[in-house]
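*Asks:* Position in the sequence shown (first residue = 1) + 1 = this note's numbering.
The beta-carbon is built from N, C-alpha and C at its ideal position, and this holds for glycine as well.
Before anything else, here's the structure in question.
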Amino acid sequence: MGILIKGGHLIDPANGVDGKKDLYIDNEGFVAGVGKAPAGFKAGKTIEAGGRIVCPGLVDLRARLREPGLEYKATIESEVHAAVAAGITTLCCPPDTHPVIDTPAMAQMIQSRAWRFGLAFIHPLGALTQNLEGKRLADMEALDEAGCVGVTNALVPVTDTLVMRRAMEYAATLDLTVFLHAEDPWLRNHGCVHEGEVGTRLGLPGIPEAAETVGVARDLALIEQTGCRAHFCNLSSRRAVTMIAEAQRQGLPVSADVTAHHLHLTEHDIGDFNTQCHVRPPLRSKQDRQGLRKALKSGVIGAICSDHQPHEPDAKLAPFAQSEPGISALETLLPLTLKLVDEELLALSEAIALLTHKPAQIIGADAGHLGVGATADVCIFDPKARWVLTPDQLVSRGHNTPFLGWEFRGRVTHTLIGGKLVYQHATAS
């Protein structure tokens, strides 16, 4: 018996759907019909979605699940539960685990752990270099065959430009996307905040905008040389997105994402040493935030991600410079994106596209759409529900977020993966 999602407003940007339509899911977990019941369809379960938005399950390009190696912070089990509570059905896991995802065995272990729980689907990113040391190339072909959707050196810079060139050439032969965290490590030095007025006032070592733009410039030169397809992660500065826009106009195969928190916070939110705002790259100026928003609207930036990094409480209790960077961000990804709709930066369909089929295209995953025959990964949310983020509402084991106390509009009520209801909010019928 199938599932009928009845009376909802279906938004499926990949297929140009934006209107009140019922969604029919067959007993094998695939979309059987949109708007009209297929012949012989019988619903064993009906989900009343009146007044709610029905959309594809969200796709998050970057979430650290802390397993293996840092299970005292979080586990795959705890974080996939948080993901489905946030409407996220597909996510990418960077390779900077312990041990590193630089072998097929590690990539397969991550995926098998996710399959065991039957919740969010995890696509691992393989290591660009062995043990992320930036010296010897990882076996990208084996990682590709093991299910990695791309390769990256995560936050560890590849300082040897020749090694980076060879890595890009290798990835290009396999048609693998290289995920880049562009940053010049010497300019970054030991900085922990944006090099600007707030860092100066607080006496904290700064990271100049040039640390990002110099890194972007080097990588763009190598992309042009090698023809490698590349994705720039975590852009934080107005100048960097201008460089990406120019590269796209020249036809280079590059894409980019931005974190939800960089679209809302600036260096001023650090206040008096608020370690919850310690992130990497740092929160930058209001002008940089505006530049990121414009790039999002124009299409230069193709995805919004969480950059989820759960921490234990002690990680944020040290002095600012010694605290660990990162935000527990899965459960604020959708509401922070909906705030951009409230602020009239994006239409609702544009916002959903940046969380569904556009990031899915970047990793080449068959996800983020609800056409007939598609896997029924579905997010249903109430766009009018208002709620305040409190620690007891966070499903993630990490409670490190600067958004505690914020009022949000839009709450996930149901999440389906492969046609199976895996999450239902306590107040949802």
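(1) Measuring CB to CB, does residue 333 end up less than 8 angstroms from residue 404?
(2) For residue 166 and residue 67, what's the separation of their Cα atoms in angstroms?
(3) Is residue 62 closer than 8 angstroms to residue 229 when the C-beta atoms are compared?
(4) Secondary structure at residue 427, three-state DSSP: helix, strand or coil?
(5) Output the distance between the C-alpha atoms of residue 335 and residue 420, rounded to the nearest integer angstrom.
(6) Taking 8 angstroms as the threshold (C-beta atoms), are residue 192 and residue 207 in contact?
(7) Classify residue 378 as helix, strand or coil using the three-state DSSP reduction.
(8) Closest to residue 221 by CA distance: which of 375, 15, 182 is it?
(9) So, do the stretch 26-38 and the stretch 367-381 have three or more beta carbon pairs nearer to each other than 8 angstroms?
(10) For residue 12, which of helix, strand or coil comes out of DSSP?
(11) In angstroms, rounded to a whole number, what distance separates the CA positions of residue 124 and residue 97?
(12) Looking only at DSSP bridge pairs, what is residue 150 linked to?
(13) Tell me, please, whether the CB atom of residue 233 is closer than 8 angstroms to any CB atom in chain D?
(14) Do the stretch 84-101 and the stretch 144-161 meet, that is, are 3 or more Cβ pairs less than 8 angstroms apart?
(15) Determine the closest residue to residue 386 out of 399, 371, 408, with distance taken between C-alpha atoms.
(16) So residue 220 is in the alpha helix (DSSP H); what residue range does that whole segment cover?
(17) Looking at the structure shown, is residue 295 part of a helix, part of a strand, or coil, going by DSSP?
(18) Would you call the stretch 360-376 and the stretch 40-53 in contact, with 3 or more CB pairs under 8 angstroms?
(19) For residue 76, which of helix, strand or coil comes out of DSSP?
(20) If I'm right that residue 422 touches residue 329 with Cβ under 8 angstroms, what's the distance once you round it to whole angstroms?
(21) Rounding to the nearest angstrom, what Cα-Cα distance links residue 190 and residue 308 in this structure?
(22) Any chance the stretch 279-296 sits against the stretch 320-328, with 3 or more Cβ pairs inside 8 angstroms?
(23) Leaving out five residues on either side along the sequence, give the residues of the same chain with a beta carbon under 7 angstroms from the beta carbon of residue 274.
(24) Look at the alpha carbon of residue 172 and the alpha carbon of residue 81, and state the distance between them as a whole number of angstroms.
(25) Go through its chain and collect everything with a Cβ distance to residue 3's Cβ below 7 angstroms, but skip five positions before and after it.
(26) Please report the straight-line C-alpha distance between residue 115 and residue 297, rounded to a whole angstrom.
(27) Roughly how many whole angstroms lie between the Cα atoms of residue 343 and residue 100?
*Replies:* Reading it off the structure:
(1) yes
(2) 30 angstroms
(3) no
(4) coil
(5) 21 angstroms
(6) yes
(7) coil
(8) 182
(9) yes
(10) strand
(11) 14 angstroms
(12) None; residue 150 has no bridge partner.
(13) Reference to chain D is not applicable here, since this structure consists of a single protein chain.
(14) yes
(15) 408
(16) 210-227
(17) helix
(18) no
(19) coil
(20) Residue 422 to residue 329, Cβ: 25 angstroms. No contact.
(21) 22 angstroms
(22) yes
(23) 203, 321
(24) 29 angstroms
(25) 25, 26, 27, 28, 33, 42, 43, 44, 45
(26) 31 angstroms
(27) 42 angstroms
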